[in-house]
Amino acid sequence: DSTILATASIDGTVHFWNTDTLLSETGDDFSRLGNRGKLVMGAAFLDNDTACFSGRPARCAIFDIHTGKIKRELELPNTEGQCYRIAVSPDRRFLAVTETHPTGPNLPGTDSPVPGQLVVFDTKNDFRRWQIEIADGMVWGNLEFARDNRQLVICTRGGLMVIDVEEQRIVRKGIVATDCGFFKTASFSPDGQWLIAPGTDGIIYRFDTKTFTEHSVAIDAHDTSCLDSEFSPDGSTLAIVGVDRQVKLFDGSSFAPIKEFELQPQYSVNVHYSPDGRRILTAGPDGIAKLWHAQTGEQLAQFEMSAIGMYPSVDFSPDGNSIIGVSGDTIRIWNATDRDNVQTLSVSDLAELSCQDITLYGPARWEERRRKAKEQLTK
Numbered sequence: 144d145s146t147i148l149a150t151a152s153i154d155g156t157v158h159f160w161n162t163d164t165l166l167s168e169t170g171d172d173f174s175r176l177g178n179r180g181k182l183v184m185g186a187a188f189l190d191n192d193t194a195c196f197s198g199r200p201a202r203c204a205i206f207d208i209h210t211g212k213i214k215r216e217l218e219l220p221n222t223e224g225q226c227y228r229i230a231v232s233p234d235r236r237f238l239a240v241t242e243t244h245p246t247g248p249n250l251p252g253t254d255s256p257v258p259g260q261l262v263v264f265d266t267k268n269d270f271r272r273w274q275i276e277i278a279d280g281m282v283w284g285n286l287e288f289a290r291d292n293r294q295l296v297i298c299t300r301g302g303l304m305v306i307d308v309e310e311q312r313i314v315r316k317g318i319v320a321t322d323c324g325f326f327k328t329a330s331f332s333p334d335g336q337w338l339i340a341p342g343t344d345g346i347i348y349r350f351d352t353k354t355f356t357e358h359s360v361a362i363d364a365h366d367t368s369c370l371d372s373e374f375s376p377d378g379s380t381l382a383i384v385g386v387d388r389q390v391k392l393f394d395g396s397s398f399a400p401i402k403e404f405e406l407q408p409q410y411s412v413n414v415h416y417s418p419d420g421r422r423i424l425t426a427g428p429d430g431i432a433k434l435w436h437a438q439t440g441e442q443l444a445q446f447e448m449s450a451i452g453m454y455p456s457v458d459f460s461p462d463g464n465s466i467i468g469v470s471g472d473t474i475r476i477w478n479a480t481d482r483d484n485v486q487t488l489s490v491s492d493l494a495e496l497s498c499q500d501i502t503l504y505g506p507a508r509w510e511e512r513r514r515k516a517k518e519q520l521t522k
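In the working numbering, each number is its position in the sequence shown, counted from 1, plus 143.
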């Protein structure tokens with residue numbers, strides 16, 4: 144039935160692979176669920192089988208990633224506004240969406256409406272909704288939960304805003320750096336003691352989460368503006384992407400540079416670690432999402448979405464086996480369980496029915512060649 148693929152290698156092992164769960168670069172297209180032909184701006188997983196998306200005009204919907212069936216349309220305060228990013232707390236209880244009001248004054252030199260709001264849904268209490276007004280102006284940057292599932296940071300034109308989602312209140316707003324205009328990305332350190340904010344000037348800033356005072360750790364992250372950042376699951380590494388077309392990895396404590404690799408031909412506005420920390424997912428305004436090996440920087444796969452959206456959004460499922468990507472009017476789901484096999488058998492596990500050397504280059508000659516190669520290497 145073509146669902147199992149067998150491969151035999153020269154090391155004496157046979158691998159059996161489930162072709163249904165191998166990494167798929169084509170994926171499933173759920174664009175028909177989209178925002179009535181309008182832009183889709185945000186995406187995230189609620190669990191391994193359920194994802195949500197947001198878009199313009201304001202809409203936020205939850206759907207089954209296997210059937211494509213809409214499970215719930217979330218009620219938003221202003222259906223004529225614009226929804227941007229989505230964030231889901233690590234425990235999957237809270238779903239947060241940024242939304243701008245349909246009308247309002249504009250910021251000088253921009254076309255972004257000043258008024259906006261953060262809308263939070265409690266998924267454990269029938270998606271009960273509450274919202275907080277953001278009068279300083281929305282930024283198309285990301286929002287992110289702390290690992291304690293309680294605090295949420297959002298980027299605004301007036302600086303970073305930290306919100307306690309349990310108490311439904313603003314903890315601190317107007318968090319800015321001395322020499323930086325505003326931030327498009329921010330992340331809580333895994334221990335919750337620091338708020339890390341790579342700036343639009345390419346410098347990483349650090350704020351104490353007790354007082355939110357700036358501490359001097361001005362480390363050059365990118366030659367130009369930083370657009371997104373995320374800590375690895377174990378907190379050992381911080382990944383940052385910017386308009387200089389690079390993924391840069393830093394030590395999660397000292398912020399010393401570890402590695403960087405190129406994102407040619409486009410820069411990225413999204414970066415995410417897989418739950419196991421072994422892969423990094425990026426997405427750029429060209430509608431291309433790429434999967435990378437976190438240790439080597441090797442590109443593992445490339446996924447295509449619509450190129451008409453300047454701000455794509457991607458996310459891993461909690462088990463790391465699926466990827467959602469939205470860009471322009473595109474909504475896609477990809478299988479991401481590559482390099483996992485069903486079963487591996489060694490020579491001793493296999494029952495040999497017959498054997499005939501058809502290559503004139505049998506195992507004995509292979510061992511002899513390998514022995515000589517080792518001798519040559521030693522010399």
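Backbone N, C-alpha and C define an ideal beta-carbon position, used for all residues, glycine too.
- Excluding residues up to 5 positions away in sequence, Gln260, Leu261, Ile306, Ile313 lie with their Cβ nearer than 7 Å to the Cβ of Ile275 in the same chain.
- When the beta-carbon positions are compared, Val412 and Phe196 stay at least 8 Å from each other.
- Taking the Cα of Pro220 as reference, the smallest distance to any Cα among Gly198, His244, Pro233, Ala204 is reached at His244.
- If you look at Gly198, you'll find it in the beta strand (DSSP E) that goes 193-198.
- Contact annotation: Cys298 and Phe326 have beta-carbon atoms nearer than 8 Å.
- In the three-state DSSP reduction, Thr354 falls in the coil class, being neither helix nor strand.
- Lys267 and Phe237 have their alpha carbons spaced roughly 8 Å apart.
- Nearest to Val319 by C-alpha distance, out of Gly430, Gly342, Asp192, is Gly342.
- With 16 or more other Cβ atoms inside 10 Å of its own Cβ, Asn285 counts as buried.
- Shown here, Thr473 sits in a strand according to DSSP, grouped into three states.
- Apart from sequence neighbours up to five positions away, the residues of its chain that approach Ser449 with a beta-carbon distance below 6 Å are Gly430, Ser470, Gly471, Asp472, Thr473, ordered along the chain.
- For Gly259, DSSP records a beta bridge to Thr243, Ile277.
- A check of alpha carbon separations from Pro428 across Gly211, Asp279, Phe446 identifies Phe446 as the nearest.
- An exposed status is given to Ala278, since fewer than 16 other beta-carbon atoms sit within 10 Å of its beta-carbon.
- Note that the C-beta distance between Gly440 and Asp377 is not below 8 Å.
- A direct Cα-to-Cα measurement between Tyr410 and Asp291 gives close to 31 Å.
- For Lys515, the secondary structure class from DSSP, reduced to helix, strand or coil, is helix.
- Around the beta-carbon of Trp435, 16 or more other beta-carbon atoms lie within 10 Å, marking it buried.
- Annotation: the stretch 381-424 contains the following complete segments of the beta strand (DSSP E) (minimum length 3 residues), in chain order: 389-394, 400-405, 413-416.
- The shortest C-alpha to C-alpha distance from Ser397 to any of Ser379, Val414, Ile476 is the one to Ser379.
- Within the stretch 423-471, the runs of beta strand (DSSP E) at least 3 residues long that lie entirely inside it are, in chain order, 431-436, 442-447, 456-459, 465-470.
- C-alpha of Gly155 to C-alpha of Val414: approximately 38 Å in a straight line.
- Closest in C-alpha terms to Gly395, from the list Gln389, Arg349, Glu518, Ser368, comes Arg349.
- Glu510 carries a helical assignment under DSSP once its states are collapsed to helix, strand and coil.
- Note on geometry: alpha-carbon atoms of Arg315 and Ser456 lie some 27 Å from one another.
- Taking the C-beta atoms as reference points, Asn161 is found no nearer than 8 Å to Pro461.
- Taking a C-beta distance under 8 Å as the contact criterion, Leu338 and Val296 qualify as a contact pair.
- Cβ-Cβ distances below 7 Å link Gly463 to Ser417, Pro418, Asp419, Ala479 in the same chain, with the five nearest sequence neighbours on each side left out; the list follows chain order.
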